[in-house]
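Protein sequence lines correspond, in order, to chains C and L.
Under the UniProt record's numbering, the residue at position 190 of the first sequence is numbered 190, and the numbers go up by one with no gaps.
Under the UniProt record's numbering, the residue at position 170 of the second sequence is numbered 170, and the numbers go up by one with no gaps.
Reviewing the structure listed below.
Protein chains: 2
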Amino acid sequence: MGHPKFTTWFAALLVACTPAAALWPLPQSLTTGSDLVVLATNFNIKLSMDNSPKDLQDAVSRTEHYLSHDNLGRLLVGRGSSDAAAIKTAKQLSILIVSCGVDTPRSLSDEAMDDLESRDEKYILSVPSDGTPATLRANSTLGLFRGLTTFSQLFYEYDRVIYAPETPIEIEDWPTYPYRGFMLDTARNYYPVSDIKRTLDAMSWVKINAFHWHVVDSQSFPIEVPGFMELSQQGAYGPNLVYTTSDVRDIVSYAAERGIDVVVEIDTPGHTAAIGESHPEHVVCFHATPWVNWANEPPAGQLRFANESTVFFTTSLLSAVAKMFPSKLFSTGGDEVHTNCYNADAQTQEILNSTGQTLEQSLSSFTQSTHGALEKLGKTPVVWEGRSCFLDFQCISSTETLSEMVLEHNVTLSNNTVVMVWISSQNVEAVAQKGFRVIHAASDYFYLDCGAGEWIGNDPFANSWCDPFKTWQKSYTFDPLANLTEAESKLILGGQHMLWSEQSSPHNLDSITWPRAAASAELFWSGPAGTETTANGRNVDTALPRLHDIAFRMTNRGVAAIALQPLWCALRPGVCDLTA
Amino acid sequence: MGHPKFTTWFAALLVACTPAAALWPLPQSLTTGSDLVVLATNFNIKLSMDNSPKDLQDAVSRTEHYLSHDNLGRLLVGRGSSDAAAIKTAKQLSILIVSCGVDTPRSLSDEAMDDLESRDEKYILSVPSDGTPATLRANSTLGLFRGLTTFSQLFYEYDRVIYAPETPIEIEDWPTYPYRGFMLDTARNYYPVSDIKRTLDAMSWVKINAFHWHVVDSQSFPIEVPGFMELSQQGAYGPNLVYTTSDVRDIVSYAAERGIDVVVEIDTPGHTAAIGESHPEHVVCFHATPWVNWANEPPAGQLRFANESTVFFTTSLLSAVAKMFPSKLFSTGGDEVHTNCYNADAQTQEILNSTGQTLEQSLSSFTQSTHGALEKLGKTPVVWEGRSCFLDFQCISSTETLSEMVLEHNVTLSNNTVVMVWISSQNVEAVAQKGFRVIHAASDYFYLDCGAGEWIGNDPFANSWCDPFKTWQKSYTFDPLANLTEAESKLILGGQHMLWSEQSSPHNLDSITWPRAAASAELFWSGPAGTETTANGRNVDTALPRLHDIAFRMTNRGVAAIALQPLWCALRPGVCDLTA
């Protein structure tokens with residue numbers, strides 16, 4: 001540990017039990033000291049490079065703004081009053097020098113949308129106590145951006161002084177997994193662009209790098225697609241409840257400038273009733289009743305995929321959407337397809353009879369066509385693991401049977417396909433065994449909407465289908481590599497929290513999402529923690545004060561993160577533990 | 001049914017299955033027609049009385065504002081487009097004439113704070129189709145105010161026209177129960193006055209008439225009490241996180257002007273650690289650890305009630321608080337008292353030894369003193385049914401044992417005492433058998449905070465103690481008279497939803513409360529509904545479209561009520577039912 005003032009995070013915890021360096025996610029390597037350093041009133045961040053990208057310059061400006069406006073008092077009794085004496089004698093930090101290891105740094109936006117596995121988010125940050133410059137280094141713009149995010153979390157306010165406790169601070173940091181996402185469903189209920197942007201900001205603060213946008217579903221089709229304007233005109237909830245092509249460009253660039261790749265999802269062939277509003281010819285069991293016989297939730301409606309013209313329509317639609325999103329990833333969904341709809345559709349049966357194909361073979365052709373079109377555009381297809389759920393309504397709950405379907409049925413998926421496992425974390429092993437890359441999205445760990453009761457009408461005593469509520473602790477203690485061999489483990493790309501919007505809208509977007517979604521952000525950046533203390537000192541107990549900290553910081557930046565505990569507890573780390 | 005255009009609510013449902021007259025709570029008697037009437041641009045509400053109270057005039061102004069600003073489209077596909085033709089030929093309503101059956105109406109505020117059982121909230125409202133004046137009549141200002149609230153819910157907007165469908169409308173209405181409340185805990189986390197006022201507004205829109213203010217607890221003491229300023233100075237979370245005496249006056253009058261009585265609670269002798277910050281001499285087991293041995297949640301701390309000076313302090317404090325609140329009701333709490341704290345307190349043991357009293361006898365004396373002081377000031381004491389929980393930590397979950405304690409132990413309560421039953425709805429019968437008046441506040445039906453996971457630190461796999469989430473359907477189907485004799489039934493004053501704030505703050509106040517808390521508001525106004533269709537056509541199924549309606553109306557008035565379903569379902573009453 002060299003310098004006597006340095007102590008590792010873990011040791012610091014054992015010694016002082018303070019919420020030291022309340023960073024979220026926790027860096028891979030962190031050493032802290034026992035001094036503090038005050039931000040000089042003329043403090044500035046200097047990009048020490050020729051031709052610095054405009055979006056990096058903007059990120060610097062935002063960082064400077066956060067530093068001067070966060071006004072976050074330390075979450076300790078007295079809110080920093082115990083630092084008052086040290087603040088008086090502390091040195092002033094005047095500058096953070098940011099330098100890049102490559103001569104011509106690319107834009108942050110471009111790097112944010114690179115192939116997932118080629119992105120470089122590593123950075124090295126040093127904040128001395130002696131008034132000499134702080135330094136941030138990386139070999140990528142993306143790395144520099146992550147470092148700026150970390151830097152802004154080091155500072156607190158007391159009596160109008162901005163300062164960083166526990167200096168000198170040395171950080172070397174990189175993500176454990178390349179994909180840390182957040183999914184929002186904007187189809188069950190609509191969210192204005194401003195809500196999405198606020199969410200993107202909050203995501204970037206915890207280094208989430210993928211916005212999985214479940215933009216359409218059976219209930220509404222709120223995205224304008226060039227060449228397919230009738231879909232939103234007739235399928236959106238209203239003329240003002242649409243993401244225009246300009247809105248989409250705005251969201252994509254806003255996200256990219258914050259290190260976030262927008263992965264759009266057009267769920268097919270199920271979850272497509274809204275397409276039937278303008279294209280009834282492509283939709284089977286359109287609004288069929290009783291809906292329980294035809295869909296997992298109302299309204300029913302699925303693409304008539306055996307029909308060639310529907311295949312052509314779908315590939316054209318997906319291609320048009322794909323051109324709106326620069327991301328290399330594109331989700332075609334594929335969950336909750338009900339055979340009843342096809343068994344009862346005369347046209348489908350006729351086609352199958354005449355071609356001699358089974359329904360599965362037909363779905364396989366459809367999938368190859370749609371995925372093929374996307375791959376031609378340079379996209380990697382993403383699907384839910386329930387891809388070939390050729391079962392009845394029960395499939396959603398009978399995960400064992402479903403796994404068999406995923407694995408044994410004949411829907412051919414390219415090896416390149418990325419699979420999001422949602423039905424159950426128990427399905428990860430089987431999907432990985434098939435050699436697919438996996439994004440963790442299990443409803444039993446990462447669904448933000450669970451536990452709010454049944455939303456289907458006239459079912460007064462039912463609870464949420466995925467009851468209980470998934471606490472941040474539950475998500476945080478998820479093991480991404482459970483039951484996997486070493487080879488299979490390499491297929492894990494990361495994971496995400498998800499907000500399905502049957503019972504959500506802009507009114508509870510912040511409160512249902514934050515700070516809970518930060519749990520997966522740290523899990524997939526810093527690596528798994530579990531309940532035992534890890535090498536870097538993490539577990540649910542040491543995480544809580546830091547999670548409070550990022551929640552309060554979010555609050556001060558305008559995101560309405562909820563209280564995890566009484567303020568009395570938040571100000572007294574550990575004191576409200578079960579064992580305290 | 002006389003006039004052929006009239007049809008009862010129930011019949012209308014059977015015939016048309018529309019979300020007719022989306023009132024919340026549903027009036028006791030309602031007949032609707034099949035016309036509609038348009039609000040004239042010069043529409044006004046005329047108080048046809050001499051010396052109309054100022055606060056009634058203000059309520060009229062607010063009603064006029066709501067009528068012109070709600071801009072609520074009907075929750076049907078097309079948002080009112082199907083009314084367009086009828087709007088064109090409809091008559092114009094120019095005036096609502098409001099008249100009172102008494103010569104000198106009292107102020108709304110005074111009537112709102114009358115003795116619970118003497119309040120008169122009855123009104124008669126008539127909205128004709130033919131352009132003749134609408135009329136509102138009552139024998140009380142409070143009744144007129146309830147009628148104005150109903151009137152404002154009759155109107156919708158389409159294409160900038162404000163109109164009421166289903167006229168003519170005849171309403172005769174009164175509450176089934178005199179007490180419909182909402183409880184907010186402002187001690188675990190603090191809520192600014194503006195949040196409380198917004199909540200009071202929303203409460204008044206659904207005719208809730210009691211704000212049960214759990215203002216202090218062990219975590220903080222955020223209310224300034226004249227003569228006891230040290231309590232908030234040292235016990236509040238911070239100097240800006242305090243309700244000043246002026247704030248309290250503001251809240252009390254704001255509530256009263258909206259027909260709401262503010263029932264304050266100073267929980268004693270448990271839940272009082274915050275008093276120990278300034279008066280350690282009155283608090284036993286102050287912040288004792290491990291807290292699980294001394295309290296149901298951290299921090300521990302209870303009043304040393306065997307001590308005469310503590311009794312004097314408490315009666316003085318309660319009297320001082322009582323003078324700040326004009327309500328006739330005052331809650332002294334009484335829940336979750338832990339004997340460990342007294343068994344381990346040398347001073348208490350010494351006093352008990354010297355007086356020969358048991359701890360229970362001593363608690364009984366304390367209760368008689370504090371309640372006696374309140375009764376002298378004209379207050380009716382309110383307690384939680386866990387009054388004499390002389391058990392260990394288990395008492396919170398072992399309701400049977402607790403019931404025995406309530407009933408068999410010797411803490412003497414005046415017959416006049418009102419008991420709020422919180423631990424379990426199963427305890428209502430036993431409390432009523434003892435002859436106490438009851439307010440339903442059962443955690444198994446009315447706790448808004450249940451189901452959000454465990455908030456205690458380092459307990460990663462625990463769910464909320466009162467899991468699962470209490471859905472609006474669950475609350476709505478509560479039977480207030482279950483297991484009660486006819487005589488016991490007369491002791492039921494009403495009930496309320498409650499928001500405990502361990503995991504709540506201003507950020508989720510609206511989203512966790514609305515529209516759920518409207519479920520008890522209707523239950524205790526319109527009477528129980530259950531799952532079967534009642535005489536007035538109510539059940540969870542017919543309630544849902546109306547609940548959507550009031551939620552959207554709240555939204556348009558600035559209260560962030562959440563979405564109960566996808567908008568697709570909200571616009572199609574019944575179509576997302578389980579059986580649709």
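Glycine included, each C-beta is placed from N, C-alpha and C at the ideal position.
Quick caveat, the model's predicted, so the values are computed rather than measured.
Closest Cβ-Cβ distance between residue i and chain L: below 9 Å?
i                  : result
Val-264 of chain C : no
Cys-576 of chain C : yes
His-507 of chain C : yes
Asn-297 of chain C : Before going further, note that residue 297 of chain C is Glu rather than Asn in the sequence given. Closer than 9 Å: yes.
Tyr-476 of chain C : yes
Arg-79 of chain C  : yes
Near residue i, what residues of its chain come up, given a Cβ to Cβ distance below 8 Å and the 5 sequence neighbours on each side ignored?
i                  : result
Asn-415 of chain C : Gly-435 and Phe-436
Val-283 of chain C : Thr-272, Ala-273, Ile-275, Gly-276, Gly-301, Gln-302, Leu-303 and Arg-304
Taking the C-alpha atoms as reference points, what is the distance between residue i and residue j?
i                      : j                  : result
Thr-135 of chain C     : Ala-430 of chain C : 45 Å
residue 581 of chain L : Thr-367 of chain L : For residue 581 of chain L there is no data in the structure shown, the boundaries of chain L being 1 and 580.
Ala-487 of chain C     : Leu-481 of chain C : 11 Å
Leu-67 of chain L      : Glu-281 of chain C : 44 Å
Ala-187 of chain C     : Arg-557 of chain L : 24 Å
Trp-422 of chain L     : Ile-456 of chain L : 21 Å
Trp-294 of chain C     : Cys-285 of chain C : 7 Å
Val-225 of chain C     : Leu-317 of chain C : 8 Å
Ala-561 of chain C     : Ser-34 of chain L  : 47 Å
Asp-541 of chain L     : Leu-523 of chain L : 14 Å
Arg-546 of chain C     : Ile-266 of chain L : 33 Å
Leu-184 of chain C     : Gln-234 of chain C : 22 Å
Pro-178 of chain C     : Ala-256 of chain C : 15 Å
Asn-296 of chain C     : Glu-336 of chain C : 7 Å
Comparing the C-beta of residue i with each C-beta of chain C, is any distance below 9 Å?
i                      : result
Tyr-237 of chain L     : yes
Arg-249 of chain L     : no
Thr-534 of chain L     : no
Leu-544 of chain L     : yes
Trp-472 of chain L     : yes
residue 584 of chain L : In the structure as shown, chain L starts at 1 and stops at 580, and residue 584 of chain L therefore has no counterpart that could be examined.
Arg-160 of chain L     : no
Met-49 of chain L      : no
Spatial neighbours of residue i within its chain, please: C-beta separation below 6 Å, excluding the five flanking residues on both sides.
i                  : result
Met-324 of chain L : Val-248
Anything in chain L within Cβ reach of residue i, meaning under 9 Å, just list it in chain order.
i                  : result
Phe-469 of chain C : Gly-451, Ala-452, Gly-453, Asn-463, Ser-464, Asp-467, Pro-468 and Phe-469
Cys-341 of chain C : Within chain L, no residue comes near Cys-341 of chain C; the closest Cβ sits about 17 Å away, beyond 9 Å.
Applying a beta-carbon distance threshold of less than 7 Å, which residues of chain C neighbour residue i?
i                  : result
Val-540 of chain L : Asn-458 and Pro-460
Arg-188 of chain L : Pro-566
At a CB-CB cut-off below 7 Å, which residues of chain L make contact with residue i?
i                  : result
Trp-291 of chain C : Ala-580
Anything in chain C within Cβ reach of residue i, meaning under 8 Å, just list it in chain order.
i                  : result
Ser-511 of chain L : His-507, Asn-508, Ser-511 and Ile-512
Mind listing the chain L neighbours of residue i? Cutoff is C-beta to C-beta under 8 Å, in chain order.
i                  : result
Ile-562 of chain C : Gln-503, Ser-504, Ser-505, His-507 and Asn-508
Starting from residue i, find everything on chain C with Cβ-Cβ shorter than 9 Å and list it in chain order.
i                  : result
Gln-219 of chain L : Pro-566, Leu-567, Trp-568 and Cys-569
Among the residues of its own chain, which have a CB less than 7 Å from the CB of residue i, if the five just before and after it don't count?
i                  : result
Trp-291 of chain L : Pro-298, Pro-299 and Ala-300
Phe-552 of chain C : Leu-72 and Leu-75
Runs of beta strand (DSSP E) lying entirely within the region 79–135 of chain L, each at least 3 residues, in chain order:
91–100 and 123–127
Give the list of continuous beta strand (DSSP E) stretches no shorter than 3 residues that lie fully inside the region 133–167 of chain C.
134–138, 156–158 and 161–167
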